[in-house]
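S.K.:
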Amino acid sequence: MTASRIALVTGANQGLGRALVEGLAARLGPQDVVLLTGRSQQRVSEAAREVARADGTRSRVEGRVLDVSDREAIGRLAGELSTRHGGVDIVISNAIARLLPEDSQAGRADEFIDVSNTATHAILRSFGPVLRTGGRLLVVASTLGTLGHLDPRLHHLFDGASLDEVEYAVESWRAAVHAGTAAEAGWPGWLNVPSKVAQVAAVRAVAAERREGDRADGTLIASVCPGMVDTATSRPWFSDYSHAQSPSRAARAVLDLVLAEQVEPDHYGELVRFGKVLPWYSGTPPTEQDRILTP
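Residue numbers (our numbering): 878 to 1172.
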């Protein structure tokens, strides 16, 4: 990476995203810049100010408003950072729409898909080209992102797919949810499963196109599972969260991956959990009784 690094985290004013910003600001140098982004100007400003003043912070922390459901806003920010800094060194796509157990899955589908999937596609398209040599672009997913968690009838939509094809599959899923035909097509009622599979598939698609050049210059594009994290988003789904990690603890393994001096070749384009690759074809489709957030 370059002497002066630019890092950006989405969904970063609270929870895991904020912990990732705190960790980056503590582990990068005084010449580096960490951008804390979120939708609310007030929350972003407050969080950035608190992190900047915290003990152990070494890097400059800047708050930036970014609604990840706005693809044009993502593109503008990538263009601005390219013009201003010559690109970015670290991008962590972490934003997720909060979904409660009592919420209607179909009723929240558009917001959930826009924040988790449309945003992932836009970040990969906009920040991939401005990622500097030796950079890191990670998408936060989960173990639910392995292909085996989907009905086998749907595997062909994501296995070996291009980014365009992943986007088409996601929009087909969205349309089926609205039409009330998702279940008969094999889509699970729980939004988190196809969303995570699609996120990992999108990363795999972009990585497949860039693999040779990125592996030659030490650039890493991957998806990452932080494990079970005790946050406001995840807590309502657990009857027992006593073994969940704090956001700061969960951030450590992600940051170790981001800040490793050398990229493990096997990590490139894969879903990585605690430094280990999760096999793409693993997992079994969940039942309705399995509607919990799986680490």
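Positions of the beta carbon are idealized from the N, C-alpha and C atoms, including for glycine.
1) Do you know whose CA, among L1015, F1035, A955, E939, lies nearest V921's CA?
2) Looking at S917: is its Cβ nearer than 8 angstroms to the Cβ of I951?
3) Nearest-angstrom Cα distance between A1062 and V911?
4) Using a Cβ-Cβ cutoff of less than 7 angstroms, which residues in the same chain neighbour T1171 once the five nearest sequence positions on both sides are dropped?
5) Is the beta carbon of L1034 sitting closer than 8 angstroms to the one on V965?
6) Does the segment 1089-1103 come into contact with the segment 1140-1149, if we say contact requires no fewer than three beta-carbon pairs (one atom in each stretch) closer than 8 angstroms?
7) Return the chain-ordered ranges of every alpha helix (DSSP H) run that is complete within the segment 914-945 and spans a minimum of 4 residues.
8) Can the beta-carbon of A896 be found less than 8 angstroms from the beta-carbon of P1162?
9) Any idea if G915 is buried or exposed, counting beta-carbon neighbours within 10 angstroms, 16 or more meaning buried?
10) Applying the criterion that 16 or more other CB atoms from any shown protein chain within 10 Å of the CB defines a buried residue, is S936 buried or exposed?
11) So, at 7 angstroms on beta carbons, what are the nonlocal neighbours of I973 in its own chain, with the 5 sequence-adjacent residues on each side left out?
12) Can you tell me whether I969 is helix, strand or coil according to DSSP?
13) According to DSSP, is L1015 helix, strand or coil?
14) Cβ atoms of S1072 and F989: under 8 angstroms apart, would you say?
M.R.: The structure says:
1) Within the sequence shown, numbered from 1, the residue matching residue 921 stands at position 44. Comparing Cα-Cα distances from V921 to each of L1015, F1035, A955, E939, the minimum goes to E939.
2) Numbered from its first residue, the sequence shown carries residue 917 at position 40. Numbered from its first residue, the sequence shown carries residue 951 at position 74. No. Outside cutoff.
3) To locate residue 1062, count along the sequence shown from 1; it is residue 185. To locate residue 911, count along the sequence shown from 1; it is residue 34. Pairing A1062 with V911, the inter-Cα distance amounts to about 43 angstroms.
4) Here residue 1171 refers to the residue found at position 294 of the sequence shown. At T1171 the pLDDT is 40, less than 50, meaning the model places this residue with poor confidence and gives no usable figure here.
5) The residue you call residue 1034 lines up with position 157 of the sequence shown. The residue you call residue 965 lines up with position 88 of the sequence shown. Cβ distance not < 8 angstroms, so L1034 and V965 don't count as in contact.
6) Three or more pairs of CB atoms, one per stretch, sit closer than 8 angstroms, so the segment 1089-1103 contacts the segment 1140-1149.
7) 918-930
8) Within the sequence shown, numbered from 1, the residue matching residue 896 stands at position 19. Within the sequence shown, numbered from 1, the residue matching residue 1162 stands at position 285. No; because the gap between Cβ atoms is not below 8 angstroms, this pair is not in contact.
9) Taking the sequence shown and counting its residues from 1, one reaches residue 915 at position 38. It counts as buried.
10) Within the sequence shown, the letter at position 59 stands for residue 936. So S936 counts as buried.
11) In the sequence shown, residue 973 corresponds to position 96, counting from 1. Contacts found: G888, V992, S993, T1110.
12) The sequence position of residue 969 within the sequence shown is 92, counting from 1. Three-state result, I969: strand.
13) Your numbering for residue 1015 matches position 138 in the sequence shown. DSSP places L1015 in strand when its eight states are reduced to three.
14) Residue mapping note: residue 989 aligns to position 112 of the sequence shown, counting from 1. Residue mapping note: residue 1072 aligns to position 195 of the sequence shown, counting from 1. Yes, they are a contact pair.
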